[in-house]
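Some notes on the structure that comes next.
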């Protein structure tokens with residue numbers, strides 16, 4: 163009797179994926195997915211209206227990669243997390259948010275570059 167196990171992979175779907183326009187769109191998509199996960203939802207590939215070329219975790223890994231490469235620092239992560247949770251970018255005209263705008267733009271610029279190399283951002 164053979165002890166070899168047969169592995170059957172699920173069929174791949176010929177679905178055209180839509181890359182994100184920029185780092186901000188990718189970040190807010192990831193943030194919405196995280197908020198839904200927190201509420202108990204599970205991400206299932208292919209079960210979305212707009213198929214994306216990645217999983218939400220790929221965006222998280224890209225952020226952590228650019229952090230480990232020291233392209234962004236802790237203040238950038240704090241700004242990404244804070245405004246990602248609010249699902250809105252910092253307002254340059256609001257006095258209490260004005261200082262966060264450069265950190266937000268720097269972080270999303272680095273994220274967009276990293277995701278563009280992977281074909282996740284146009």
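In my numbering, the protein residues as written are 163 to 284.
Even for Gly, the Cβ is constructed at its ideal location relative to N, Cα and C.
Which residue or residues does DSSP assign as beta-bridge partners of residue i?
i, result
"residue 283", "182"
Note down, in chain order, each residue of its chain lying with its Cβ closer than 7 Å to the Cβ of residue i, except the 5 sequence neighbours on either side.
i, result
"residue 283", "181, 182, 184, 185, 188, 274 and 277"
"residue 271", "185"
Measuring from the CB of residue i, is there a heavy atom of the ligand MN at a distance below 6 Å?
i, result
"residue 252", "The ligand MN is absent from the structure shown, which contains no ligands of any kind."
If you check the beta carbons only, do residue i and residue j fall under 7 Å apart?
i, j, result
"residue 203", "residue 242", "no"
"residue 259", "residue 253", "yes"
"residue 218", "residue 192", "yes"
Under three-state DSSP, which class holds residue i?
i, result
"residue 260", "coil"
"residue 277", "helix"
"residue 267", "helix"
"residue 196", "helix"
"residue 211", "coil"
"residue 254", "coil"
"residue 187", "helix"
Below 8 Å CB to CB, which residues in the same chain sit around residue i once its five sequence neighbours on both sides are set aside?
i, result
"residue 229", "235, 238 and 239"
Could you give the first and the last residue of the continuous alpha helix (DSSP H) run that contains residue i?
i, result
"residue 243", "236-248"
"residue 204", "Note, residue 204: premise wrong, no alpha helix (DSSP H); not H, not E."
"residue 222", "218-230"
Tell me which residues share the same chain as residue i and place their Cβ nearer than 6 Å to its Cβ, disregarding the 5 neighbours each side in the sequence.
i, result
"residue 213", "177 and 179"
"residue 196", "none"
"residue 262", "241 and 252"
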